[in-house]
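Engineer: Going line by line, the protein sequences match chains A and B.
What the first sequence shows, in the numbering used here, is residues 921 to 1235, in sequence order.
What the second sequence shows, in the numbering used here, is residues 959 to 1071, in sequence order.
Glycine residues also receive a C-beta, built at the ideal position from the N, C-alpha and C atoms.
The structure's right below; bear with me while I get my questions together.
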Amino acid sequence: MTFALALEIVLAAVVLTGAVWTIASRETLPAVAGFVAYGLLLALVWVRLGAPDVALTEAAIGSGLTGALLVSAAARLRSSEGPMAVERPDVILRVLAAVLSAAVTTALAISVLLLPDPAPTLATAAAENAAATGLGNPVTNVLMAFRAMDTMLEKIVLLLALVGVWSLAPDRLWGGRPGPRHHADPQGVLAFVARVLPPVGIIVGIYILWTSADHPGGAFQGGTILAAMWLLVMMAGLTDAPPVSERRQRLLLLAGPVVFLIVGLGGLAFGDAFLAYPMAYAKPLILAIEFAMIVTIAVTLGLLVAGPPEREAGS
Amino acid sequence: MSAGTVFGLCAAVAVGLGLYGVITNPQPLRKILAFNLIGSGVFTFFGVVAHRGAAAGFGGDPIPQALVITGIVVAFSATALALALLLRLFQAAGSATLRADAPPSAGSDPAKP
C-alpha cells in the first residue's frame, strides 16, 4: 500500500465521519456544521479524483452557500425542534430503514467494484475537438461548447428556483425586500471585514472566471465568490437587499440567459445549429456569455440565499 | 485497491447514510440535509466513473465532471426552494411538522388578517 493510498483511506474515513455526524447529531445546528465540514473535505476528494473544477464548485456552492442557507434556516426553526423530537419513528421502522440503507450501500459498493475495465471515456473526443474553441480547460469546453445546452438550461433552473422562492411571499409584501434588515456594529469586526474583503473577493471572483479558459475555474465558481461578497456586505448592514420589484435587478437576473439565447439563436441563423459557434469567433462569444453569466449567477445566488420578501420596500 | 475504489465505497456509504436520515429523521430540515448527502454521494460516485475514464492527458473524463458541476448548482437551487417552502410552512402553521394528524396551531403568519 502506497503512502498516497493510505492518505486517501484516511481522507475517506474523515469524510464519512462528517456524514455520520450530519445524520446522527441530535441537534440541527451541529448537524449543519457537520455537513459543511463534510462538503469541504469532499472538495479534497474531488482534487484526488482529478477534478479541480468540481472541487471548487463543491467547496463554494455545495458546502459554502448551501451551508449558509441551512444555518440561517436552522436558526429560524430552532423553536420547532423540541416538540418534534417525540415524532422520532419507532424501533421497527428504524431497523427496517437501516436494512434498506445497508442494502442500497451494498449494491452501490458492488457496482463500484464491478465497473467495466477499461472504463469508457469521452476524454479523447474532448481533446480532439478542443481546437474548435481555443480553450485549454476541457471542463470549460464541455460546459460552454460541447454541452452548452445543459449550462443554459441550468441558468433557467436557477431563475425558476428564484421565482419559486419569491412567490412564497405573502401578498401584501410582494415587491418588498427579502429577509430581515441586518444590523451590525459599524465599528465591529464584521463591518471591518465587509469593507476590506470585497475588493479582494471581487478580483478573485473575476480572475477565477478569466483563468477558466485554460485552468480550473469557471463562471459558477467565480459567481459564487461574488455572491458571497455581496451577502457579506448585506449581513454587515452596509447595504440592504434591493426590493424584488426593482427593474435594474431584474435586468441583471436576465442578462446571462438572454445573452446565451441570443448567441444560441445566432448559431441557428448563421451556423449549423442552435448554440453552434462559428470557429473564428468561438472564444470571444464564449467569453461574452461567461461574463454575462457571472453577473446573473452572482445576483441569483445572492437573492436565493436572501430569501422571499419579508419587509415592505420602504422599510 | 485504487483511489477510485476507496472513494467509490465512500460514496456508497454516504448514499446509505443519507437514505437512512431521510426516512428516520422527523424534522424536514434534517430530511433536506440528508437528501443533500445522498446527492453528494451520487455525484462522488459519478466522479469515480470520471476518474476511471482519465485519458488524453486529463485527470479524468471532462464530460461527467461538467455534468456534476451542473448537478451541484441544480441541487443548490432545489435546496434553496425546499428551505424557503419549509420556512413559509413554519411561518404559516407555527410548526414545521409533516405529520398529517398534527394539531392545528395558532400560527404566526403576518399575512393573516
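Does Glu1210/A come out as helix, strand or coil in the three-state DSSP assignment?
Structural biologist: Taking the first residue of the first sequence as 1, we reach residue 1210/A at position 290. Reduced to three states, the DSSP call for Glu1210/A is helix.
Engineer: Please list the partners that Phe1016/B has in chain A, where partner means a Cβ-to-Cβ separation under 8 angstroms.
Structural biologist: One-based indexing of the second sequence puts residue 1016/B at position 58. Those within 8 angstroms of Phe1016/B in chain A are Gly970, Ala1043, Ala1046, Ala1047 and Pro1058.
Engineer: Indicate the three-state DSSP secondary structure (helix, strand or coil) for Glu928/A in the structure shown.
Structural biologist: Indexing the first sequence from 1 puts residue 928/A at position 8. Three-state DSSP puts Glu928/A in a helix.
Engineer: Buried or exposed: where does Met1069/A fall if 16 or more other Cβ atoms within 10 Å of its Cβ makes it buried?
Structural biologist: Mapped onto the first sequence, residue 1069/A falls at position 149. Under this definition Met1069/A is an exposed residue.
Engineer: Assess contact between the region 1177-1192 of chain A and the region 1146-1162 of chain A, defined as three or more Cβ pairs (one per stretch) separated by less than 8 angstroms. Is contact present?
Structural biologist: No, because fewer than three Cβ pairs between the region 1177-1192 of chain A and the region 1146-1162 of chain A fall closer than 8 angstroms, the two stretches do not touch.
Engineer: Please state whether DSSP places Val1215/A in a helix, a strand or coil.
Structural biologist: Reading the first sequence from its first residue, position 295 is the one you call residue 1215/A. Residue state, collapsed to three classes: helix.
Engineer: Verify the CB distance criterion: does Leu977/B have a CB-CB separation below 7 angstroms to chain A?
Structural biologist: Within the second sequence, residue 977/B is the residue found at index 19, counting from 1. With 7 angstroms as the cut-off, Leu977/B counts as an interface residue toward chain A.
Engineer: I'd like the span of the beta strand (DSSP E) that includes Pro984/B, first residue to last.
Structural biologist: Translated into positions along the second sequence, residue 984/B becomes position 26. Where Pro984/B is concerned, there is no enclosing beta strand (DSSP E), given that its DSSP letter is neither H nor E.
Engineer: Quick one: what does DSSP say Ala1064/B is sitting in, helix, strand or coil?
Structural biologist: Locating residue 1064/B in the second sequence gives position 106, where the first residue counts as 1. In this predicted model, Ala1064/B has a pLDDT of only 46, less than 50, meaning its place in the structure is not dependable enough to derive any value.
Engineer: What do you get for Gln1141/A, buried or exposed, if any count of 16 or more other CB atoms within 10 angstroms of its CB means buried?
Structural biologist: Reading the first sequence from its first residue, position 221 is the one you call residue 1141/A. It is buried - the Cβ of Gln1141/A has at least 16 other Cβ atoms within 10 Å.
Engineer: Would you give the residue range spanned by the alpha helix (DSSP H) that Pro1247/A belongs to?
Structural biologist: The structure shown has nothing for residue 1247/A, since chain A only spans 921 to 1235.
Engineer: Can you name, in chain order, every residue of its own chain whose Cβ lies under 6 angstroms from the Cβ of Ile1128/A, other than the five neighbours on each side?
Structural biologist: On the first sequence, residue 1128/A is found 208 positions in, with the first residue counted as 1. Counting only Cβ-Cβ distances below 6 angstroms, and skipping sequence neighbours, we find Gly1137, Gln1141 and Gly1142.
Engineer: Between the region 959-968 of chain B and the region 1086-1105 of chain A, do at least 3 Cβ pairs fall closer than 8 angstroms?
Structural biologist: Touching, no.
Engineer: Give the residues of chain A in contact with Phe965/B, contact being defined as C-beta atoms less than 8 angstroms apart.
Structural biologist: By 1-based counting over the second sequence, the position of residue 965/B is 7. Within 8 angstroms Cβ-Cβ: Glu928, Ala932, Val965, Arg968 and Leu969.
Engineer: Strictly under 7 angstroms for the Cβ-Cβ distance: is Val1000/B near chain A by that measure?
Structural biologist: Residue numbering aside, residue 1000/B sits at position 42 when the second sequence is read from its first letter. False, the Cβ-Cβ gap to chain A never drops below 7 angstroms.
Engineer: Let me know the secondary structure DSSP gives Glu947/A once reduced to three states.
Structural biologist: To locate residue 947/A, count along the first sequence from 1; it is residue 27. DSSP places Glu947/A in coil when its eight states are reduced to three.
Engineer: Measuring only between beta-carbons, confirm whether Phe993/B sits less than 7 angstroms from chain A.
Structural biologist: The sequence position of residue 993/B within the second sequence is 35, counting from 1. Chain A, which has no Cβ nearer than 7 angstroms to the Cβ of Phe993/B, makes this no.
Engineer: If you measure from the beta carbon of Gly1065/B to each beta carbon in chain A, is any gap under 7 angstroms?
Structural biologist: By one-based count along the second sequence, residue 1065/B stands at place 107. For Gly1065/B, the predicted model reports a pLDDT of 45, less than 50, meaning its position is unreliable and no value from the coordinates is stated.
Engineer: Just how far apart, CA to CA, sit Ala1064/B and Ala988/A?
Structural biologist: The residue labelled residue 1064/B in the question sits at position 106 within the second sequence. The residue labelled residue 988/A in the question sits at position 68 within the first sequence. Any reading at Ala1064/B needs caution, since the residue's pLDDT is 46, under 50, leaving its predicted position unreliable; the model's value is listed next. Their Cα atoms are separated by approximately 30 angstroms.
Engineer: Starting from the C-beta of Gly974/B, find all residues in its chain whose C-beta is less than 7 angstroms away, skip the five residues before and the five after it, and write them out in chain order.
Structural biologist: Residue 974/B sits at position 16 when you count from the first residue of the second sequence. There are no such residues.
Engineer: Output the residue ranges of the alpha helix (DSSP H) runs that lie fully inside the region 1047-1116 of chain A and measure 4 residues or longer, sorted by chain position.
Structural biologist: Taking only runs of at least 4 residues, the alpha helix (DSSP H) segments lying wholly in the region 1047-1116 of chain A are 1058-1061 and 1068-1086.
Engineer: Between Leu1158/A and Arg998/A, what straight-line distance do the alpha-carbon atoms span, to the nearest angstrom?
Structural biologist: Translated into positions along the first sequence, residue 1158/A becomes position 238. Translated into positions along the first sequence, residue 998/A becomes position 78. Their backbone Cα atoms lie some 27 angstroms apart in a straight line.
Engineer: Using 7 angstroms as the threshold, is the C-beta distance between Pro905/A and Thr982/B below it?
Structural biologist: Lying before the first or after the last residue shown, residue 905/A is absent from chain A, which here runs from 921 to 1235.
Engineer: CA-CA distance, Ala961/B and Ala1029/A?
Structural biologist: Within the second sequence, the letter at position 3 stands for residue 961/B. Within the first sequence, the letter at position 109 stands for residue 1029/A. Roughly 14 angstroms between the two C-alpha positions.
Engineer: Of all the CB atoms in chain A, is at least one closer than 7 angstroms to the CB of Leu1047/B?
Structural biologist: The residue labelled residue 1047/B in the question sits at position 89 within the second sequence. Cβ-Cβ to chain A under 7 angstroms: no for Leu1047/B.
Engineer: With distances taken Cα to Cα, identify the nearest neighbour of Phe1090/A among Val934/A, Leu931/A, Pro1228/A and Glu947/A.
Structural biologist: By one-based count along the first sequence, residue 1090/A stands at place 170. Sequence check: residue 1090/A is Pro here, not Phe. Residue Pro1228/A is the option with its Cα nearest to Pro1090/A.
Engineer: Taking the alpha-carbon positions, what's the Pro1118/A to Val1032/A distance?
Structural biologist: Numbered from 1 along the first sequence, position 198 holds the residue referred to as residue 1118/A. Numbered from 1 along the first sequence, position 112 holds the residue referred to as residue 1032/A. Their Cα atoms are separated by approximately 43 angstroms.
Engineer: Taking C-beta to C-beta, are Ala1051/B and Thr1044/A nearer than 7 angstroms?
Structural biologist: In the second sequence, the residue the question calls residue 1051/B occupies position 93. In the first sequence, the residue the question calls residue 1044/A occupies position 124. Not in contact: Ala1051/B and Thr1044/A (Cβ atoms no closer than 7 angstroms).
Engineer: Run the CB neighbour count on Pro1036/A, radius 10 Å, all protein chains shown included, and call it buried at 16 or more, exposed below.
Structural biologist: Residue mapping note: residue 1036/A aligns to position 116 of the first sequence, counting from 1. Per the 10 Å Cβ criterion, exposed.
Engineer: Can you tell me the Cα-Cα spacing of Gly1084/A and Ala1054/B, whole angstroms?
Structural biologist: Within the first sequence, residue 1084/A is the residue found at index 164, counting from 1. Within the second sequence, residue 1054/B is the residue found at index 96, counting from 1. Distance between the alpha carbons of Gly1084/A and Ala1054/B is about 19 angstroms.
Engineer: Please state whether the Cβ-Cβ distance between Ile981/A and Phe1034/B is less than 7 angstroms.
Structural biologist: Position 61 of the first sequence, counted from the first residue, corresponds to residue 981/A. Position 76 of the second sequence, counted from the first residue, corresponds to residue 1034/B. Yes, the Cβ-Cβ distance between Ile981/A and Phe1034/B is below 7 angstroms.
Engineer: Taking the straight line between their C-alpha atoms, what separation do you get for Leu1044/B and Gly1095/A?
Structural biologist: Position 86 of the second sequence, counting from 1, holds the residue named residue 1044/B. Position 175 of the first sequence, counting from 1, holds the residue named residue 1095/A. Going by the C-alpha atoms only, they are around 21 angstroms apart.
Engineer: When the Cα of Ile1276/A is compared with those of Glu978/A, Glu1001/A, Arg1231/A and Val1179/A, which residue comes out closest?
Structural biologist: With chain A running from 921 to 1235 in the structure shown, residue 1276/A is simply not present.
Engineer: Please classify Met1064/A as buried or exposed, where buried requires at least 16 other C-beta atoms within 10 Å of its C-beta.
Structural biologist: As a working mapping, residue 1064/A is identified with position 144 in the first sequence. Result: buried.
Engineer: If you check the beta carbons only, do Leu932/B and Ala972/B fall under 7 angstroms apart?
Structural biologist: Only positions 959 to 1071 of chain B appear in this structure, which leaves residue 932/B out of reach.
Engineer: In three-state terms, what does DSSP make of Glu1232/A?
Structural biologist: The sequence position of residue 1232/A within the first sequence is 312, counting from 1. Here Glu1232/A sits in coil by DSSP.
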